[in-house]
Amino acid sequence: MTTPRVEVDLGKIRHNTRCLVQRLEARAISVIGITKAVCGHPDIAKAMLDGGAKGLGDSRIENVERIRNAGISCPVTMIRTPMLSQVKRISESCSTSYNTEIDVIALLGVMAHRNGMVHGIVVMVEMGDFRDGVMPCDIDDFVAQILNLPGVALKGIAANFACLTGTEPDCQSMAAFSALADNIESACGPYIETVSGGNSANLSWATGPDKRGRINELRIGEAILLGVDPVSGVQISGLHTDAFALVAEVIETKDKPVQPEWSPVVVERKTLRVVPSNSWSTRSILAIGNQDTDISGLGFPVGIALKGASSDHAVVETSGRQLRVGSEMTLRPNYKALMRIMNAPDVAKVVFNHLPVPETVSAKENRSGLAVVCTDGVRS
Ligand SMILES: *Cc1c(COP(=O)(O)O)cnc(C)c1O
39 MTTPRVEVDL
49 GKIRHNTRCL
59 VQRLEARAIS
69 VIGITKAVCG
79 HPDIAKAMLD
89 GGAKGLGDSR
99 IENVERIRNA
109 GISCPVTMIR
119 TPMLSQVKRI
129 SESCSTSYNT
139 EIDVIALLGV
149 MAHRNGMVHG
159 IVVMVEMGDF
169 RDGVMPCDID
179 DFVAQILNLP
189 GVALKGIAAN
199 FACLTGTEPD
209 CQSMAAFSAL
219 ADNIESACGP
229 YIETVSGGNS
239 ANLSWATGPD
249 KRGRINELRI
259 GEAILLGVDP
269 VSGVQISGLH
279 TDAFALVAEV
289 IETKDKPVQP
299 EWSPVVVERK
309 TLRVVPSNSW
319 STRSILAIGN
329 QDTDISGLGF
339 PVGIALKGAS
349 SDHAVVETSG
359 RQLRVGSEMT
369 LRPNYKALMR
379 IMNAPDVAKV
389 VFNHLPVPET
399 VSAKENRSGL
409 AVVCTDGVRS
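Going by the working numbering, the sequence shown runs without a break in its numbering and finishes at 418.
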């Protein structure tokens, strides 16, 4: 098989989604599967939906179009405020988008109106992460302006945490955000259907003892894909952390002197020099580099230590083991490393563990003389 490649276990992604959906369902919170880290890979998007995600979200229109071109017709939300230059494409492929600029919303409305449609608007609210968002003090005015525009419908509000400044959600900020929904309703009238509380960083809050208030949706990427809590980096109980494996190939194995740690310091007028060292180590080079991923974001097998990487080489020390040239090593990417891998043209994407394709009616008809038997043994 080609290397480097990323192997994706769709079954583990379905399982992770299902676990989180069930835990949050018990708290009246639904899950939007976020596909930006996997570039909207249609098979992975479908695994999220098969696991019970209510819809999908992505921050780039190219990814959404990839999902649409694969025939996936579920609601897809644009979770980054649209570029003015992309409004047409967004109104064609996304049912809803997150917004913070009234000019963009107006144009989304014009485009949707032209096509006889209504585009859903979720207003992103600034809750302390200081990335995108309308300030809470401006929200009533902002909503009132939206209500005057044709072609758009206010669907809800959203908050985002722990992305830019690492501000984590706590019970106060979540209660304040929940109360905003009530305030907007009493100030402007419209029912706020979606109150989207945040991302994977909100999971421990959402499954903890605090009141959930009006928060009825989370947008989850990292926790589904990697099974970890992004704040602590700890595995979420019951979730798989190995749905993705990056496989790289060994292209050199040699014993090399251990580099002495030195700097040209002058001691009593004698310059220190590098001298041959009798300390040697076994090193291998993997044919993968910073062009393909964030090498520092990779987990290596036990006994293998990363020594450094350049654009096309990753150098590892192997504690005396002689790795055969041509052999493969499996590495575990973190979220940043995964994003780069899925974007890298030279890393092959290999997905397995597809769900069996359900038998279609036409397939049944074409097989005269054969009975179609369901898995529970009932003849159809
Ligand atoms: C990326 C992103 C998410 C998903 O974040 P994860 O940490 O992957 O769960 C949710 N909402 C917005 C607005 C995002 O940009």
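The beta carbon of each residue, even a glycine, is placed where N, CA and C say it ideally should be.
Residue i beta carbon near ligand 1 (any heavy atom closer than 7 Å)
| i | result |
| --- | --- |
| residue 372 | no |
| residue 387 | no |
| residue 381 | no |
| residue 238 | yes |
| residue 106 | no |
| residue 261 | yes |
| residue 97 | yes |
| residue 74 | yes |
Beta-carbon proximity check, residue i vs residue j, cutoff 8 Å
| i | j | result |
| --- | --- | --- |
| residue 385 | residue 43 | yes |
| residue 219 | residue 230 | yes |
| residue 434 | residue 349 | With the chain represented from 39 up to 418, any question about residue 434 goes unanswered, as that position is not in the structure. |
| residue 161 | residue 195 | yes |
| residue 191 | residue 222 | no |
| residue 70 | residue 250 | no |
| residue 135 | residue 121 | no |
Element boundaries [beta strand (DSSP E), containing residue i]
| i | result |
| --- | --- |
| residue 43 | 43-47 |
| residue 101 | Here residue 101 belongs to no beta strand (DSSP E); instead the alpha helix (DSSP H) covers 99-107. |
| residue 116 | 114-116 |
| residue 222 | Where residue 222 is concerned, there is no enclosing beta strand (DSSP E), although the alpha helix (DSSP H) it sits in stretches over 209-226. |
| residue 134 | 134-137 |
| residue 321 | 318-324 |
| residue 290 | 282-295 |
Close Cβ partners of residue i (< 8 Å) along its chain, the five nearest in sequence each way excluded
| i | result |
| --- | --- |
| residue 125 | 142, 145, 146, 149 |
| residue 168 | 202, 203, 205 |
| residue 357 | 320, 341, 342, 343 |
Reference residue i; option with closest CA among the options
| i | options | result |
| --- | --- | --- |
| residue 330 | 52, 351, 216 | 351 |
| residue 389 | 282, 362, 221 | 282 |
| residue 58 | 154, 89, 102, 201 | 89 |
| residue 392 | 118, 40, 39, 47 | 47 |
| residue 224 | 160, 243, 178, 259 | 178 |
| residue 347 | 357, 333, 183 | 333 |
| residue 337 | 368, 99, 324, 173 | 368 |
| residue 272 | 289, 255, 242 | 242 |
| residue 291 | 322, 261, 266, 276 | 322 |
| residue 293 | 118, 252, 254, 353 | 353 |
Close-in-space but distant-in-sequence residues of the same chain around residue i (CB under 7 Å, 5 per side omitted)
| i | result |
| --- | --- |
| residue 110 | 80, 83, 84 |
| residue 335 | 371, 372, 374, 375 |
| residue 101 | 73, 74, 77, 78 |
| residue 239 | 199, 200, 206, 207, 268, 269 |
Residue i beta carbon near ligand 2 (any heavy atom closer than 7 Å)
| i | result |
| --- | --- |
| residue 92 | Summarising the ligand content, the structure contains ligand 1 and does not contain ligand 2. |
Cβ-based neighbour list, residue i, same chain, cut-off 6 Å, excluding 5 preceding and 5 following
| i | result |
| --- | --- |
| residue 319 | 296, 355 |
| residue 215 | 165, 197 |
| residue 96 | 73, 74, 78, 102 |
| residue 39 | none |
| residue 50 | 278, 281 |
| residue 406 | No answer about residue 406 holds up, because its pLDDT of 43 lies below 50 and its placement is not dependable. |
| residue 56 | 89, 90 |
Range covered by the alpha helix (DSSP H) that runs through residue i
| i | result |
| --- | --- |
| residue 80 | 80-88 |
| residue 126 | 125-131 |
| residue 374 | 373-381 |
| residue 241 | 241-244 |
| residue 150 | 140-152 |
| residue 179 | 177-185 |
| residue 263 | 260-264 |
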